[in-house]
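Protein chains in written order, with the numbering used here: chain A, 12 to 446; chain B, 9 to 419; chain C, 4 to 315.
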């Protein structure tokens, strides 16, 4: 999987505004992305690995569509899963028709998702994009609640609790593939993900994409230039809904079932988390976030009960100390490295390492003890942590991680400022050197 | 410092993945059962309670060598009651060579898993999986959406309604019934069944109203109680559970609404504790409760309580694991296809009476009890001096309903 | 007649309850512009603190101590969390509260367990105060209403009539000027956030025993408080009260209407197949979705809400 996490980083580490230049770097990045998409299933051939890769492909498209709004257009949508889910339901209904004998290759079905997502975004966008900022966000919050209420109330269309299910291998076989197996569906989804990502990247280079940025930064000025900001927001919203619908369609093909939970606030929250952790400032940020958060959600949960707490802590830590997300961190160091000044940072950063390690070890120790204390009260065994037998009822065992945490936090508070200063100095020097 | 964070995050995630799908070869003597239920999130308490019952049941079977020379092992998988996450966990279970999965919370998850099981077993018969459902009660799972690989050990919501309805029809003091449910497929099917099974079954018995509210969205139930009162209801039938049920029964008590509540899920300890003495006289339908006269299960309950400091709740989990073990011992095989064939149509005795797994839809028929919260019972809830008292028992055979299931046996 | 009276009374009870739940959020959103998604979590903490305290020394001390504890926690959160992310912009602030809500939601079950705790209404108020249309109204309900009215009066008076209120309102629009006049603006914000959290905690103390105290209670409260605050207009205490009461009355009234949506819309000229999926829905059935419909329509038509001073 390390290969997989490198995919997005190599796509582009530049801000969206600068993507327009394209050129050799972009071609290289897309080539790399295609190569990784082709190779990945051979490295992770198990059903679980494939299913994880499929989820990543879906999440990447979903997060990219979300960032069309948040990153490019400055619009925070609290109900983006509505378009994802409705696109998925549209796809599911078409899939059922295909199961019933409609001659259509299932590969094309995410198109129905695109249509469903865009159609749903039409009224929602019309209402919401007349406003900006907090009002926009709150309208989408209301729309999301309304959509969920409606979907639950109308089981005739949305299948209620049991959802709508179909069989993707029931359609017309294409070149002998029926897309029943996990590998075949992976390639279908990967192709869709690459296609959708390429199209969304293309959108950033169109006048609409540029105008969306301008509306985000200064709507008044766009207005003076003779463009209607609300109209630009509306068009961006429609496109974002459309691509969220594609992601929903991909999910429908992958799971062969769509349920109400695909529309709800948890799904909308997850895409916000992915996009923010990856970084809203770049095109590749949401891709990184989608891959990492999918991993966190599925893999970390199989290792520890405390995974939700860790996700929350990681998220808050990112908001506090890395508001640009992971791609923001990379981005802020790229010019320094290019200017050949990376070596100067090595010292202060290496000095931080033990402090970070201590703090993390302390945090993990305390969290695991707390969760296992609860487990032990429930009659389960406490198990082992870092090779040590855990006895959470023993107060002395709490002392060690607590000490680690306090020591680490103290070291951090002492060492972080010089590291930050070194970084700022290097960045300033790099900027002078480049210009 | 920022960079280090990214590295740390990446390492945590990557490390987690490598630790994740570690596949171990299946030892012949060990039958692993994947328990796919919520272990984190808002429903984690339900999932944890289920896990304790499964551990208890499996320890019993292993100690008694009830499955012959096989031992059972529980593999816990967290799905957060999300169908998508359940499907990912299902894939993981198949990867790890697990052939038995069990789940109970959320009909949406049950449908997703049943569907996935059927598709997996058709596309990849060598990794066939048997799905043991211990608590998802949507009737469709053993009717129009039935699947040969799915076995249900809880009575479906129609069977439970039939028992409740029989009791209501036989109670001469009940004349006006109000049907109140949460608005999703389970609540809708409870409402449908209640209207069909109670309305017009006695000359002086009528349904005076039906109502569905969104799951977990209503804070104040007083307006609904006012509506029931205005309709003159003397009994309320509800499939509501959790906080909704608690708030509903509490609102009725606070406003002095005297109707009797006929419920599916009153028996949860939290609900009884929150409702308090106001719950007296309200009824539930279940396959067992603490005051059923079955000394063998009483001993089990005491043992469970001593071990986990929780009340024994899921008798059917023990029943299900025992039955699975008995089937494996009988045919001396853990092959899911053969075990499924052995389970279908199996008849057996439990401390509660004769039971049977229907061959036509793989639904377990078991005795059912309508019971009410009453004072001075041998077993009562902690902090609330009330316990369930049987007012009507149904033989397994009496719970049999016609089925529309048309499933095809594999092979 | 009696039916209308019942609807009015139930609507009033529910509306005042909503106001109590959302008053703290109105303060924070209005005065600081922070969409505090952790508001419901502070409400939950208030309930849990009150439970623990009431087990130890009784309900009445808890009524005072628990909100104060939550307020102190709020001050700490503002001072060492929110203030740090403030420079990263509005989105970062909002996301910080989202993350905080997530962490509180995980930590609470670690401390108090994953199931409901038996937090009960004090015996002194656990009796029917009066009866209307066969419905008893508990004395505790009246107490809740009284507290809600007191919160309104107190907040309104504090903001409109005191010097501190003047500074707070001025800091909202002209922070630099207020700072120049010698007031510590960050400290004012810290105080406001703490007070908002304390109000959430108070709502938890008073609501937790009626609506059950569980780890899921924050999530169950959900978006309704945002609907109130936004509809009322950001920062307007009277607006929030009016929005609460409006939602209370409309929702309670719609519960009692069993007419199918298809028939109603048909009468006002909107054709909808009365036998289709939508046409068969009754108004009662759709009642809980009504506040969100009101929210969306109101915001799309008038972004300032009912009585708001600020548009964003």
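Positions of the beta carbon are idealized from the N, C-alpha and C atoms, including for glycine.
- request: Work out the CA separation of residue 398/B and residue 119/B for me, nearest whole Å.
  value: Counted from its first residue, the second chain places residue 119/B at position 111. Counted from its first residue, the second chain places residue 398/B at position 390. For residue 119/B and residue 398/B, the distance between alpha carbons rounds to 33 Å.
**Study point:** Member of 103/A, 57/A, 125/A, 64/A whose CA lies at the smallest distance from the CA of residue 135/B
**Key:** Here residue 135/B refers to the residue found at position 127 when the second chain is read from its first residue. Minimum Cα distance to residue 135/B is reached at 57/A.
Hey, residue 213/C and residue 147/C: beta-carbon distance below 9 Å or not?
Taking the first residue of the third chain as 1, we reach residue 213/C at position 210. Taking the first residue of the third chain as 1, we reach residue 147/C at position 144. Yes, Cβ-Cβ distance for residue 213/C and residue 147/C is below 9 Å.
Where the beta strand (DSSP E) through residue 37/A begins and ends
As a working note, residue 37/A is residue 26 in the first chain. Residue 37/A -> not in any beta strand (DSSP E); alpha helix (DSSP H) instead, spanning 35-54.
Item to check | 7 Å CB neighbourhood of residue 500/A in its chain, flanking five on each side removed | outcome: No answer is possible for residue 500/A: it lies beyond the span of chain A, which begins at 12 and ends at 446.
| task | Consult DSSP for residue 232/A and reduce its assignment to one of helix, strand or coil. | result | Position 221 of the first chain, counted from the first residue, corresponds to residue 232/A. Helix, per DSSP.
Original post:
So what's residue 39/C in DSSP terms, helix, strand or just coil?
Top reply: As a position in the third chain, residue 39/C is number 36, starting the count at 1. It is coil, neither helix nor strand.
- According to the neighbour-count rule (16 or more other Cβ atoms, all chains shown, within 10 Å of its Cβ), is residue 190/B buried or exposed? Reading the second chain from its first residue, position 182 is the one you call residue 190/B. By the neighbour-count rule (16 or more Cβ atoms within 10 Å), residue 190/B is buried.
Cβ of residue 81/C less than 9 Å from any chain A Cβ? Reading the third chain from its first residue, position 78 is the one you call residue 81/C. It does not; no Cβ of chain A falls within 9 Å.
Rounding to the nearest angstrom, what Cα-Cα distance links residue 362/B and residue 330/B in this structure?
Counting from 1 along the second chain, the entry for residue 362/B is found at position 354. Counting from 1 along the second chain, the entry for residue 330/B is found at position 322. Rounded to whole angstroms, residue 362/B to residue 330/B spans 14 Å at the Cα level.
request  = Could you tell me whether any Cβ in chain B is nearer than 9 Å to the Cβ of residue 163/A?
outcome  = Within the first chain, residue 163/A is the residue found at index 152, counting from 1. It does: the Cβ of residue 163/A has a partner Cβ on chain B nearer than 9 Å.
Practice problem: Could you tell me whether the stretch 336-346 of chain A touches the stretch 287-296 of chain A, using the rule of 3 or more Cβ pairs below 8 Å? | Solution: yes
### Query
Is residue 298/A near residue 121/A, with beta carbons less than 9 Å apart?
Position 287 of the first chain, counted from the first residue, corresponds to residue 298/A. Position 110 of the first chain, counted from the first residue, corresponds to residue 121/A. In this structure, residue 121/A does not lie closer than 9 Å to residue 298/A by Cβ.
### Query
Beta-carbon separation of residue 80/B and residue 39/B under 9 Å?
In the second chain, the residue the question calls residue 80/B occupies position 72. In the second chain, the residue the question calls residue 39/B occupies position 31. Yes, these two residues count as a Cβ contact at 9 Å.
Quiz item: Using DSSP with H/G/I as helix, E/B as strand and the rest coil, what is residue 158/B?
Solution: The count along the second chain starts at 1 and reaches residue 158/B at position 150. Strand at residue 158/B.
field: DSSP beta-bridge partners of residue 179/A
entry: Position 168 of the first chain, counted from the first residue, corresponds to residue 179/A. Its beta-bridge partners do not exist; DSSP assigns none.
- Query: Apart from the five residues just before and just after residue 362/A, which ones in its own chain have a Cβ nearer than 6 Å to its Cβ?
  - Reply: Counted from its first residue, the first chain places residue 362/A at position 351. Taken in chain order, the residues that qualify are 426.
### Task
Please name the residues in the stretch 93-119 of chain C whose beta-carbon is closer than 9 Å to at least one beta-carbon of chain B, in chain order.
108, 109, 112, 116, 117, 118, 119
Contact set between residue 92/B and chain A, taken where Cβ atoms lie within less than 7 Å | What you label residue 92/B is simply residue 84 of the second chain in a count that begins at 1. Simply 266.
Would you say the stretch 131-146 of chain C touches the stretch 230-244 of chain C, given that touching needs at least three Cβ pairs under 8 Å? no
Quiz prompt | Separation of residue 61/C from residue 121/B, as counted between CA atoms | solution = Here residue 121/B is taken as the residue at index 113 of the second chain, counted from 1. Here residue 61/C is taken as the residue at index 58 of the third chain, counted from 1. C-alpha separation (whole angstroms): 48 Å.
Three-state secondary structure (DSSP) of residue 381/B = Locating residue 381/B in the second chain gives position 373, counting from the first residue. Of the three classes helix, strand and coil, the one that applies to residue 381/B here is strand, per DSSP.
Legend entry - Within-9 Å CB hit, residue 298/C to chain A: Numbered from its first residue, the third chain carries residue 298/C at position 295. Output row for residue 298/C: interface = yes.
Exercise for review: Please compile the residues from chain A whose C-beta is within a distance smaller than 8 Å of the C-beta of residue 120/B.
Suggested key: On the second chain, position 112 is the one that residue 120/B refers to. Near residue 120/B (Cβ distances below 8 Å), the residues of chain A are 174, 176, 266, 268, 270.
message: Checking the sheet assignment: what are the DSSP bridge partners for residue 86/B?
response: Taking the second chain and counting its residues from 1, one reaches residue 86/B at position 78. 45/B, per the DSSP bridge assignment.
- Query: Does the Cβ of residue 225/B have 16 or more other Cβ atoms within 10 Å, making it buried, or fewer, making it exposed?
  - Reply: If you number the second chain from 1, residue 225/B lands on position 217. Result: buried.
Residue from 319/B, 291/B, 187/B with nearest C-alpha to residue 199/B: Counting from one through the second chain, the residue named residue 199/B turns up at place 191. Residue 187/B is the option with its Cα nearest to residue 199/B.
*Rounded to whole angstroms, how far is the Cβ of residue 351/B from the Cβ of residue 364/B, which I believe are closer than 8 Å?*
In the second chain, the residue the question calls residue 351/B occupies position 343. In the second chain, the residue the question calls residue 364/B occupies position 356. Not quite, the Cβ-Cβ distance comes to about 11 Å (not below 8 Å), so this is no contact.
Under 9 Å by beta carbon: chain A residues contacting residue 229/C = Here the question's residue 229/C lines up with position 226 in the third chain. Here the neighbours are 149, 152, 153.
*asked:* According to DSSP, simplified to helix, strand and coil, what is residue 70/B?
replied: Locating residue 70/B in the second chain gives position 62, where the first residue counts as 1. Residue 70/B falls in the helix class under three-state DSSP.
- Message: Does the stretch 81-101 of chain C come into contact with the stretch 15-26 of chain C, if we say contact requires no fewer than three beta-carbon pairs (one atom in each stretch) closer than 8 Å?
- Response: no
**Study point:** Contacting positions in the stretch 130-145 of chain A - beta carbon closer than 7 Å to chain C
**Key:** 138, 141, 142, 144, 145
Enumerate, from N- to C-terminal direction, the unbroken beta strand (DSSP E) stretches of 3 or more residues contained entirely within the stretch 114-175 of chain B.
138-141, 158-160
**OP:** Determine the DSSP secondary structure at residue 346/B, reduced to helix, strand or coil.
**Re:** Working through the second chain from its first residue, we reach residue 346/B at position 338. Three-state DSSP puts residue 346/B in a helix.
Where residue 406/A falls, given that 16 or more other Cβ within 10 Å makes a residue buried:
Looking up residue 406/A in the first chain gives position 395. Under this definition residue 406/A is an exposed residue.
Buried or exposed: where does residue 164/C fall if 16 or more other Cβ atoms within 10 Å of its Cβ makes it buried? What you label residue 164/C is simply residue 161 of the third chain in a count that begins at 1. Exposed, by the Cβ-count rule.
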